[in-house]
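>
Numbering (our numbering), first residue to last: 13 to 55.
(1) Quick check on the DSSP output: the alpha helix (DSSP H) that includes residue 48 runs from which residue to which?
(2) Could you tell me the distance, in whole angstroms, from the CA atom of residue 15 to the CA atom of residue 33?
(3) Look at the alpha carbon of residue 43 and the alpha carbon of residue 29, and state the distance between them as a whole number of angstroms.
See below:
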């Protein structure tokens with residue numbers, strides 16, 4: 013296995029991780045909005 017292989021795989025994995033985090037954050041944020049907890053007043 014070459015260094016280039018590891019570098020490209022690492023980049024791909026980092027990109028995948030960032031996308032996953034973004035999706036998780038958006039889902040969590042949408043849930044908070046739905047529950048009305050975003051402003052901390054619970055309405």
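Every residue, glycine too, gets a C-beta built ideally from N, C-alpha and C.
Quick answer:
(1) Element bounds for residue 48: n/a, residue is neither H nor E.
(2) 27 Å
(3) 21 Å
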